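With the sequence shown counted from 1, adding 67 to any position gets you our numbering.
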Amino acid sequence: MKIPELKGCGTALVTPFAHDGEVDYEAFASLVDRQVKGGVDFLVPLGTTAETPALDHIEMVSLLEITHDHAGGRPLLVGCGSNSVGSTLARMEMLDCAAVDAWLVVVPFYNKPTQEGMFQYFKTIAELSKKPIVLYNVPGRTGANMLPETCLRLAREVPGIIGVKEASGKLEQAREIIDGAPADFMVLSGDDDLTIDMMKCGGRGVISVASNIAPDKVSAMVHAMLEGRTDEAERLNDALAPLFKACFVESNPIPAKAALAQLGLCTDCMRLPLVPASDSTRALLKEILNK
């Protein structure tokens, strides 16, 4: 099993829609090109930010193919999680191709599993997967927090599980995972505003929402941290902090799409049950972008 190098800045890509509600594949290709030009290290299609629950199977496959074609050889960490073993494996089978370097598999949502249930779920998925697995802990979305001891148990005991996107919003939780994990286990921030602090503890980088909007600046911040230029990274973090916060004033990716629309890169159209940003969010983003 080939293990991709997933460190630095990865972008959780949005899915642009045309005004008729169809996926705007041309705009998506341009967004991926912009990410590559901006210096991101890897790409994350079909995750939370992509509105994946609102996409059909044909759209998912098409978006993955475009991402691969425009990625310039960058690794692809592809979202494929669901809330059952069967549906997650079925999605892996549907999407599996040379483009996929690793799978991003979220903690099962709605079911609200116990810690043992999470362990057995991820163990089963990893044992049946042909590609490496990155765990995705985002309790604000799933309703269940994977505790550090469960994450570390998976990291130590289950081959094929190579890292975690830790988006609990709890720095102490991330630090406990980083301190206890095997040396080759990758811990990536799932919260833009915690990236610097997590990297100071030994995190490898970020899977970013804000880099959809400012790929060059978010990449520069993360690369500065990786290269030991902490003062420069902290200056960039301070400058980006308002954008990091604004990206979550409404449900992701509503603010990110509003910002991209203001930049003329795609529409701010969403698929229900998500709706476009409020006027106040648009005004906030306009102010931040102008700065």
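From the three backbone atoms N, C-alpha and C, an ideal C-beta is built for every residue, glycine too. Predicted model, so just to flag it, every value in this text is computed and none were measured.
Bounding residues of the alpha helix (DSSP H) (the contiguous stretch that carries Gly270): Locating residue 270 in the sequence shown gives position 203, where the first residue counts as 1. First-last for Gly270: undefined, no H or E at that position.
Going by alpha carbons, who is nearest to Pro378 out of Asn150, Asp168, Gly75 and Ser235? The requested residue 378 does not occur in the structure, where the chain is confined to residues 68 to 358.
Examine the Cβ distances between the stretch 237-257 and the stretch 170-183 and report whether three or more of them are shorter than 8 Å. Inter-segment contact for the stretch 237-257 and the stretch 170-183 is absent: fewer than three beta-carbon pairs are separated by less than 8 Å.
What is the DSSP secondary structure of Val231, reduced to helix, strand or coil? In the sequence shown, the residue the question calls residue 231 occupies position 164. The DSSP-derived three-state label of Val231 is strand.
Within 10 angstroms of its Cβ, does Cys218 collect 16 or more other Cβ (buried), or is it exposed? Counting from one through the sequence shown, the residue named residue 218 turns up at place 151. Taking all protein chains shown into account, Cys218 has 16 or more neighbouring C-beta atoms within 10 Å of its C-beta and is therefore buried.
Residues that Thr78 bridges to, as DSSP identifies them: Start at 1 with the first residue of the sequence shown, and residue 78 comes out as number 11. As a beta-bridge residue in DSSP terms, Thr78 pairs with Leu110 and Ser275.
Which of the three DSSP states is assigned to Ser256 in this structure? In the sequence shown, the residue the question calls residue 256 occupies position 189. Strand at Ser256.
Among Glu317, Ile274, Leu332 and Leu356, nearest to Asn204 - alpha-carbon criterion: Here the question's residue 204 lines up with position 137 in the sequence shown. Of the listed residues, the one whose Cα sits closest to Asn204 is Ile274.
Cross-strand partners of Tyr203 (DSSP beta bridge): Here residue 203 refers to the residue found at position 136 of the sequence shown. Paired residue(s): Val173 and Lys232.
Going by C-alpha distance, which of Asp305, Gln182 and Pro71 is nearest Pro199? Counting from one through the sequence shown, the residue named residue 199 turns up at place 132. Closest in alpha carbon position to Pro199, among Asp305, Gln182 and Pro71, is Pro71.
Can you check whether the CB of Arg338 is closer than 8 Å to the CB of Gly114? Position 47 of the sequence shown, counted from the first residue, corresponds to residue 114. Position 271 of the sequence shown, counted from the first residue, corresponds to residue 338. Note that the C-beta distance between Gly114 and Arg338 is not below 8 Å.
Exposed unless 16 or more other CB atoms sit within 10 angstroms - verdict on Cys164: Within the sequence shown, numbered from 1, the residue matching residue 164 stands at position 97. Its Cβ having fewer than 16 others within 10 Å, Cys164 is exposed.
Between the alpha carbons of Asp128 and Gln182, how many angstroms are there, rounded? As a first step, residue 128 must be located in the sequence shown, where it is residue number 61. As a first step, residue 182 must be located in the sequence shown, where it is residue number 115. The identity of residue 128 in the sequence shown is Val, whereas the question assumes Asp. Cα to Cα, the separation comes out at about 32 Å.
Since Asp100 and His137 should fall inside the 8 Å C-beta cutoff, what is the C-beta to C-beta distance between them, to a whole number of angstroms? Taking the first residue of the sequence shown as position 1, residue 100 is located at position 33. Taking the first residue of the sequence shown as position 1, residue 137 is located at position 70. Taking a contact as a CB-CB distance under 8 Å, the pair Asp100 and His137 counts as one, their CB atoms being some 6 Å apart.
Within its chain, find whatever has a CB closer than 6 Å to the CB of Cys314; leave out the 5 residues flanking it on each side and keep chain order. Here the question's residue 314 lines up with position 247 in the sequence shown. Around Cys314: Val276, Ala277, Pro322 and Ala323.
Can you give the Cα-Cα distance for Asp298 and Lys284, rounded to whole angstroms? Taking the sequence shown and counting its residues from 1, the one referred to as residue 298 is at position 231. Taking the sequence shown and counting its residues from 1, the one referred to as residue 284 is at position 217. Answer to the nearest angstrom: the Cα atoms are 15 Å apart.
Our contact map puts Pro343 next to Ala325 with C-beta atoms below 8 Å; I'd like the distance itself, whole angstroms only. If you number the sequence shown from 1, residue 343 lands on position 276. If you number the sequence shown from 1, residue 325 lands on position 258. About 7 Å separates the two Cβ atoms, so the contact holds.
List the residues that DSSP assigns as beta-bridge partners of Gly146. In the sequence shown, residue 146 corresponds to position 79, counting from 1. The partner list for Gly146 (beta bridge, DSSP) reads Leu171.
In angstroms with no decimal places, state the Cα-to-Cα distance between Leu122 and Phe84. In the sequence shown, residue 122 corresponds to position 55, counting from 1. In the sequence shown, residue 84 corresponds to position 17, counting from 1. Between the alpha carbons of Leu122 and Phe84 lies a gap of roughly 11 Å.
In three-state DSSP terms, what is Phe315? Taking the first residue of the sequence shown as 1, we reach residue 315 at position 248. Phe315: coil per DSSP, three-state reduction.
First through last residue of the alpha helix (DSSP H) which encompasses Arg101: As a first step, residue 101 is located in the sequence shown; it is residue number 34 there, counting from the start. Tyr92 to Gly105 is the span of the alpha helix (DSSP H), which, as asked, contains Arg101.
C-alpha distance - Lys358 paired with Thr155, whole-angstrom precision: For this step, residue 358 is matched to residue 291 along the sequence shown. For this step, residue 155 is matched to residue 88 along the sequence shown. One C-alpha to the other measures close to 42 Å.
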